[in-house]
Amino acid sequence: MTAREHVWARLREGGLVAGPLPMESATSAPWFVSLLLGLCGWFAALFLLAFVAVGLTPVLTRPLACLVLGGMALVAAYGLLSRQLNVFLDNLALAISLAGQALVLWAGLHWLESESAALWWALALWQLALTVIMPNDIHRVFSAFAAASCVAAGLALLGWGGVYAPLALALTATLWLKALTATQDIQRVRMPAWGLTGALLAAQGLAHVFGVPTSPLALSTSQLWASWQGELLCLLVMLGVWFVLLQRAALDWRRPGVVLSLVGLFLIGLACVPAPGLCSAITLVLLGFALADRLLLGVGVLALLLFAARYYYLLDLTLLEKSGVLLLVAVLMLSVRLLLRHLSAGAPEPDHV
1 MTAREHVWAR LREGGLVAGP LPMESATSAP WFVSLLLGLC GWFAALFLLA FVAVGLTPVL
61 TRPLACLVLG GMALVAAYGL LSRQLNVFLD NLALAISLAG QALVLWAGLH WLESESAALW
121 WALALWQLAL TVIMPNDIHR VFSAFAAASC VAAGLALLGW GGVYAPLALA LTATLWLKAL
181 TATQDIQRVR MPAWGLTGAL LAAQGLAHVF GVPTSPLALS TSQLWASWQG ELLCLLVMLG
241 VWFVLLQRAA LDWRRPGVVL SLVGLFLIGL ACVPAPGLCS AITLVLLGFA LADRLLLGVG
301 VLALLLFAAR YYYLLDLTLL EKSGVLLLVA VLMLSVRLLL RHLSAGAPEP DHV
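Numbering of the sequence shown is given in UniProt numbering, commencing with residue 1 and proceeding in unit increments.
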């Protein structure tokens with residue numbers, strides 16, 4: 001029995017699939033051929049669009065004409081993507097779609113001010129529609145990323161920028177948890193989840209670039225709440241994800257190890273609240289482990305290291321105080337790890353997907 005047959009047999013025993021093992025597709029090209037065809041498609045699209053743009057320069061001054069041409073480009077891209085002819089045409093259609101979106105955005109900027117929240121909310125709804133409609137995985141990632149970024153801009157213009165990180169984290173975790181149980185068309189869930197993950201990490205990274213951490217002792221209570229409210233909400237989302245994963249594992253809530261794991265995760269998250277992005281990165285690590293997705297797990301670990309390093313070097317403290325903070329966090333994490341290892345000694349490891 002091959003590895004594919006063994007996996008299919010286990011899935012059939014669990015009631016997740018039915019019927020015989022599907023035949024392995026023999027039409028897929030090697031990855032390097034797909035990569036070269038994709039690059040050729042992008043080059044062809046860029047040269048074609050640059051050539052057309054030279055003759056359509058007067059059109060850029062007419063918002064309605066830009067809107068019509070952008071819509072036509074999106075319809076053409078949808079037609080090419082829905083046929084799924086080859087990698088070259090797929091990437092050509094993707095580039096045409098991005099050009100069409102740029103034309104529509106240009107028209108929107110003529111009618112609405114860029115500082116208007118209505119523009120960004122309209123763009124977010126439009127990108128959300130493209131995420132659902134466009135039959136291409138890469139396009140779904142781009143559209144989900146753009147939709148989440150437009151929501152961030154709209155919330156920032158309304159003065160609710162601190163709510164974006166927990167909202168994006170909650171939506172991202174919901175999609176990844178749905179991918180954990182999805183049995184059909186899982187890519188329609190995973191690709192938007194990757195787009196939201198990228199938008200979340202980009203927003204948290206910008207918070208590190210444009211915000212300089214200061215000592216909590218130098219801030220008033222209102223200033224502390226204003227700077228930490230987003231991360232406190234992210235902490236609640238992280239605990240919610242942990243609750244869902246524990247329920248899926250069907251663990252007894254009365255077991256000391258389960259209770260201490262929740263307490264330990266809460267203490268670690270509470271210690272990470274002053275640093276933007278750490279709670280989000282820990283949540284991605286939890287989801288990556290639960291999904292057995294090495295790429296998501298690696299992204300979460302990398303984000304955790306980068307956010308922690310950035311916070312450490314920008315923190316407005318002396319080197320001695322920084323060393324004390326690192327020591328306390330390290331002792332806390334190692335203590336929780338040793339305690340969990342002691343409680344789980346001899347216990348069988350629960351199955352996880």
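We put the beta carbon where it would ideally sit given N, CA and C, even for glycine.
Beta-carbon proximity of residue i to residue j, cut-off 8 Å
{"i": "ALA330", "j": "PHE307", "result": "no"}
{"i": "LEU103", "j": "CYS66", "result": "yes"}
{"i": "CYS279", "j": "GLY288", "result": "no"}
{"i": "VAL263", "j": "GLU231", "result": "no"}
{"i": "LEU105", "j": "LEU123", "result": "yes"}
{"i": "GLY142", "j": "GLY70", "result": "One detail in the question is off: residue 142 reads as Phe in this sequence, not Gly. No, the pair does not count as a contact, with Cβ atoms beyond the cut-off."}
{"i": "GLY277", "j": "ALA170", "result": "no"}
{"i": "SER97", "j": "ALA129", "result": "no"}
{"i": "ALA203", "j": "ALA165", "result": "yes"}
{"i": "residue 356", "j": "LEU267", "result": "Because the chain spans 1 through 353 in this model, residue 356 falls outside it and cannot be assessed."}
{"i": "TRP176", "j": "LEU291", "result": "yes"}
{"i": "LEU314", "j": "LYS322", "result": "no"}
{"i": "TRP242", "j": "LEU265", "result": "yes"}
{"i": "LEU304", "j": "VAL285", "result": "yes"}
{"i": "LEU157", "j": "GLU115", "result": "yes"}
{"i": "VAL244", "j": "THR283", "result": "no"}
{"i": "GLY162", "j": "GLN229", "result": "yes"}
Buried or exposed (CB count within 10 angstroms, at least 16 for buried), residue i
{"i": "HIS110", "result": "exposed"}
{"i": "PHE145", "result": "buried"}
{"i": "ARG140", "result": "buried"}
{"i": "ASP252", "result": "exposed"}
{"i": "THR197", "result": "buried"}
{"i": "LEU338", "result": "exposed"}
{"i": "TRP160", "result": "exposed"}
{"i": "THR318", "result": "exposed"}
{"i": "LEU217", "result": "Residue confidence for LEU217 is low, a pLDDT of 44 falling below 50, so the modelled location carries little weight and cannot support an answer."}
{"i": "VAL75", "result": "exposed"}
{"i": "ASN136", "result": "buried"}
{"i": "ILE186", "result": "exposed"}
{"i": "SER335", "result": "exposed"}
{"i": "THR172", "result": "buried"}
{"i": "ARG4", "result": "exposed"}
{"i": "GLY100", "result": "buried"}
{"i": "ALA281", "result": "buried"}
{"i": "ASN91", "result": "buried"}
{"i": "VAL54", "result": "exposed"}
{"i": "VAL353", "result": "A caution first: VAL353 carries a pLDDT of 45, below 50, which makes its placement in the model too unreliable to give a value."}
{"i": "VAL299", "result": "buried"}
{"i": "residue 371", "result": "Residue numbering for the chain in the displayed model covers 1 to 353; residue 371 lies beyond these limits and cannot be assessed."}
{"i": "ALA199", "result": "buried"}
{"i": "ALA9", "result": "exposed"}
Spatially closest choice to residue i from the options, by CA coordinates
{"i": "GLN184", "options": "ALA3, HIS6, ASP252 and LEU11", "result": "LEU11"}
{"i": "LEU201", "options": "ALA168, VAL241, SER97 and LEU327", "result": "ALA168"}
{"i": "PRO63", "options": "PHE43, ALA107 and GLY154", "result": "ALA107"}
{"i": "TRP121", "options": "GLY230, ALA148, VAL336 and THR318", "result": "ALA148"}
{"i": "GLY154", "options": "ALA117, LEU180 and LEU125", "result": "ALA117"}
{"i": "LEU94", "options": "HIS6, THR131 and VAL59", "result": "THR131"}
{"i": "LEU36", "options": "PHE88, LYS322 and THR283", "result": "PHE88"}
{"i": "ARG310", "options": "GLY205, LEU39 and LYS178", "result": "GLY205"}
{"i": "ARG248", "options": "LEU16, PHE51 and THR181", "result": "THR181"}
{"i": "LEU295", "options": "LEU158, VAL68, ARG190 and VAL325", "result": "ARG190"}
{"i": "ALA152", "options": "ILE133, LEU119, THR174 and MET134", "result": "LEU119"}
{"i": "MET134", "options": "THR61, PHE43, LEU112 and GLY79", "result": "GLY79"}
{"i": "PRO256", "options": "LEU112, GLY15, ALA44 and ARG341", "result": "ARG341"}
Opening and closing residue of the alpha helix (DSSP H) in which residue i lies
{"i": "ILE282", "result": "278–291"}
{"i": "LEU109", "result": "87–111"}
{"i": "GLY132", "result": "Looking at the sequence provided, one finds Val at residue 132 rather than Gly. Run containing VAL132: 117–133, per the alpha helix (DSSP H) assignment."}
{"i": "LEU16", "result": "Run containing LEU16: none; DSSP gives neither H nor E here."}
{"i": "PRO256", "result": "256–272"}
{"i": "ALA73", "result": "63–83"}
Minimum Cβ-Cβ distance from residue i to chain D less than 8 Å
{"i": "GLY108", "result": "Among the chains of the structure shown, chain D does not appear; only one protein chain is present."}
Only counting runs of 4 or more residues, tell me where the alpha helix (DSSP H) segments fall wholly within the segment 145–177, in order along the chain.
none
Uninterrupted alpha helix (DSSP H) stretches inside the segment 288–330 (no shorter than 4 residues)
294–314
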